[in-house]
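Chemist: Below: one structure in structure tokens.
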Amino acid sequence: MTPIVLAGVVCAAILHAGWNAVLRGGSDRLWSMTLMMIAVACASAVAVVLLPWPEPASWPYLVASAAIHAGYNLSLVRTYRSGDLGQTYPISRGSSPVLVALGAALFAQETLGPVAILGIALVSGGILSLALQGGRLRADFLPAAFVTGLLIGAYTVVDGIGVRLSGNSPSYAACMFLLWSLTMPPLYLALRRTKPSYTPGQTAMALGGGLVSILAYGIVIWAMQFDAMGTVSALRETSVVYAALIGRVFLGESLSPRRVASCLAVAAGAACLAW
Numbered sequence: 001m002t003p004i005v006l007a008g009v010v011c012a013a014i015l016h017a018g019w020n021a022v023l024r025g026g027s028d029r030l031w032s033m034t035l036m037m038i039a040v041a042c043a044s045a046v047a048v049v050l051l052p053w054p055e056p057a058s059w060p061y062l063v064a065s066a067a068i069h070a071g072y073n074l075s076l077v078r079t080y081r082s083g084d085l086g087q088t089y090p091i092s093r094g095s096s097p098v099l100v101a102l103g104a105a106l107f108a109q110e111t112l113g114p115v116a117i118l119g120i121a122l123v124s125g126g127i128l129s130l131a132l133q134g135g136r137l138r139a140d141f142l143p144a145a146f147v148t149g150l151l152i153g154a155y156t157v158v159d160g161i162g163v164r165l166s167g168n169s170p171s172y173a174a175c176m177f178l179l180w181s182l183t184m185p186p187l188y189l190a191l192r193r194t195k196p197s198y199t200p201g202q203t204a205m206a207l208g209g210g211l212v213s214i215l216a217y218g219i220v221i222w223a224m225q226f227d228a229m230g231t232v233s234a235l236r237e238t239s240v241v242y243a244a245l246i247g248r249v250f251l252g253e254s255l256s257p258r259r260v261a262s263c264l265a266v267a268a269g270a271a272c273l274a275w
């Protein structure tokens with residue numbers, strides 16, 4: 001992995017943890033997610049007009065990714081209803097690198113060397129251990145968290161293949177974001193008939209989170225042109241380290257010595273992947 005790709009994916013990890021913290025901290029997470037997708041739709045619509053179309057071979061992957069992302073939105077909202085960011089985020093993110101590596105091996109004929117495999121194992125193990133600390137793990141959010149992880153793995157593999165067929169990663173990302181974001185308002189209307197009373201500050205925070213999510217995942221899509229999907233995915237999941245810190249500072253969640261040790265395991269895995 002080149003230094004610029006490494007720096008980009010680490011930046012994406014920080015941004016991803018940030019917008020998930022915004023979603024977790026919202027008083028109505030379904031409405032926050034809808035506002036985020038409205039911001040994504042506006043920004044991506046402008047990009048689609050300005051950029052060339054991706055190659056037709058990538059179009060089925062665009063549609064599949066948008067559908068998977070729609071399920072991911074609902075699953076993520078459900079996950080954050082009953083668990084802390086520091087618990088649910090690691091479970092969702094930690095289960096995906098292994099799934100991505102397996103999916104990439106099955107569908108994209110990718111192979112990983114011993115050091116990369118060790119890195120994925122350290123990242124995944126460290127992330128999952130973060131979710132099992134303090135005796136506070138509850139079973140009520142586990143199904144949604146694991147489904148979220150499965151969907152993360154699914155859309156990462158789909159986008160990893162699609163962007164390589166697109167001929168233009170910004171075009172692919174813009175079209176995927178537009179299709180994805182347009183699914184959320186109808187889903188909200190199907191589930192609810194009224195919107196909550198959000199202050200202008202809360203609305204601005206959610207809209208800003210949507211724009212951050214575009215940048216975070218757009219970087220990942222770009223990076224998957226140059227490196228193995230499993231490697232990019234595992235390095236992206238170091239976002240759990242930043243989520244733990246954000247949860248402690250901004251959401252008042254605990255950060256125990258064992259959790260710090262788990263974060264170090266994640267960092268060691270990231271170092272293996274970078275090397």
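Counting in my numbering, the sequence shown runs from 1 upward without gaps.
All C-beta atoms in this analysis are idealised placements derived from N, C-alpha and C, irrespective of residue type, glycine included.
Within a Cβ cutoff of 6 Å, which residues of the same chain sit near residue 160, ignoring the five residues on either side of it in sequence?
Modeler: Working through the sequence shown from its first residue, we reach residue 160 at position 160. Here the set comprises 224, 229.
Chemist: Among the residues of its own chain, which have a CB less than 7 Å from the CB of residue 155, if the five just before and after it don't count?
Modeler: Indexing the sequence shown from 1 puts residue 155 at position 155. Within the same chain, residue 155 has close Cβ partners 65, 68, 69, 72.
Chemist: Tell me the DSSP secondary structure of residue 92 in three-state form.
Modeler: The count along the sequence shown starts at 1 and reaches residue 92 at position 92. The answer is helix: DSSP assigns residue 92 an H, G or I state.
Chemist: Within the segment 205-242, note down every full alpha helix (DSSP H) run reaching 4 residues or more, in order along the chain.
Modeler: 229-236
Chemist: Is the separation between the beta-carbon of residue 149 and that of residue 92 shorter than 9 Å?
Modeler: As a working mapping, residue 149 is identified with position 149 in the sequence shown. As a working mapping, residue 92 is identified with position 92 in the sequence shown. Yes, these two residues count as a Cβ contact at 9 Å.
Chemist: Taking residue 47 and residue 120 to be in contact with their CB atoms under 8 Å, please state how far apart those CB atoms are, rounded to whole angstroms.
Modeler: Stepping through the sequence shown from its first residue, residue 47 is reached at position 47. Stepping through the sequence shown from its first residue, residue 120 is reached at position 120. The pair is not a contact, with the Cβ atoms about 32 Å apart (cut-off 8 Å).
Chemist: Looking only at its own chain, which residues have a Cβ that is under 8 Å from the Cβ of residue 49, when we skip the five neighbours before and after it?
Modeler: The sequence position of residue 49 within the sequence shown is 49, counting from 1. Answer for residue 49: no residue qualifies.
Chemist: Rank 90, 143, 227 by C-alpha distance to the C-alpha of residue 110 and give the top, closest one.
Modeler: Within the sequence shown, the letter at position 110 stands for residue 110. Considering only alpha carbons, the answer is 227.
Chemist: With respect to the alpha helix (DSSP H) encompassing residue 28, which residues constitute its N-terminal and C-terminal limits?
Modeler: Within the sequence shown, numbered from 1, the residue matching residue 28 stands at position 28. Element bounds for residue 28: n/a, residue is neither H nor E.
Chemist: How far does the alpha helix (DSSP H) with residue 148 in it reach, from first residue to last?
Modeler: Locating residue 148 in the sequence shown gives position 148, where the first residue counts as 1. Where residue 148 is concerned, the enclosing alpha helix (DSSP H) stretches over 142-166.
Chemist: Exposed or buried, what is residue 52 when buried is set at 16 or more other beta-carbons lying within 10 Å of its beta-carbon?
Modeler: Here residue 52 is taken as the residue at index 52 of the sequence shown, counted from 1. When all chains shown are included, residue 52 counts as exposed.
Chemist: Taking 8 Å as the cut-off, is the CB of residue 18 close to at least one heavy atom of the ligand NAD?
Modeler: As for the ligand NAD, it is missing from this structure, which has no ligand bound.
Chemist: Which whole-angstrom value describes the C-beta separation of residue 94 and residue 62, a residue pair presumed to lie in contact below a C-beta threshold of 8 Å?
Modeler: Reading the sequence shown from its first residue, position 94 is the one you call residue 94. Reading the sequence shown from its first residue, position 62 is the one you call residue 62. Rounded, the Cβ-Cβ distance is 27 Å, inconsistent with contact.
Chemist: Starting from the C-beta of residue 77, find all residues in its chain whose C-beta is less than 6 Å away, skip the five residues before and the five after it, and write them out in chain order.
Modeler: By one-based count along the sequence shown, residue 77 stands at place 77. Within the same chain, residue 77 has close Cβ partners 29, 30, 33.
Chemist: Can you tell me whether residue 106 is buried or exposed? The criterion is at least 16 other CB atoms within 10 Å of its CB, across all chains shown.
Modeler: Locating residue 106 in the sequence shown gives position 106, where the first residue counts as 1. A residue is called buried when at least 16 other Cβ atoms come within 10 angstroms of its Cβ; residue 106 does not meet this threshold and is exposed.
Chemist: CB residue 39 to CB residue 209, shorter than 9 Å?
Modeler: Position 39 of the sequence shown, counted from the start, is the residue given in the question as residue 39. Position 209 of the sequence shown, counted from the start, is the residue given in the question as residue 209. Against a cut-off of 9 Å, the Cβ pair of residue 209 and residue 39 comes out as a contact.
Chemist: If contacts are defined as beta-carbon pairs under 8 Å, then residue 241 and residue 263 qualify, I think. What distance do you get, rounded to the angstrom?
Modeler: As a position in the sequence shown, residue 241 is number 241, starting the count at 1. As a position in the sequence shown, residue 263 is number 263, starting the count at 1. Going by Cβ atoms, the distance from residue 241 to residue 263 rounds to 5 Å, so yes, they are a contact pair.
Chemist: Looking at the secondary structure, which residues open and close the alpha helix (DSSP H) in which residue 70 lies?
Modeler: Residue numbering aside, residue 70 sits at position 70 when the sequence shown is read from its first letter. Start and end: 59-79.
Chemist: Suppose you measure from the CA of residue 256 to the CA of residue 266; what does that come to, to the nearest Å?
Modeler: In the sequence shown, the residue the question calls residue 256 occupies position 256. In the sequence shown, the residue the question calls residue 266 occupies position 266. For the pair residue 256 and residue 266, the Cα-to-Cα distance works out to about 15 Å.
Chemist: Is DSSP giving residue 19 helix, strand or coil here?
Modeler: By 1-based counting over the sequence shown, the position of residue 19 is 19. In the three-state reduction of the DSSP assignment, residue 19 falls in the helix class.
Chemist: Any chance you could list the alpha helix (DSSP H) runs of at least 4 consecutive residues sitting entirely within the segment 165-201, in chain order?
Modeler: The qualifying runs are 169-182, 184-191.
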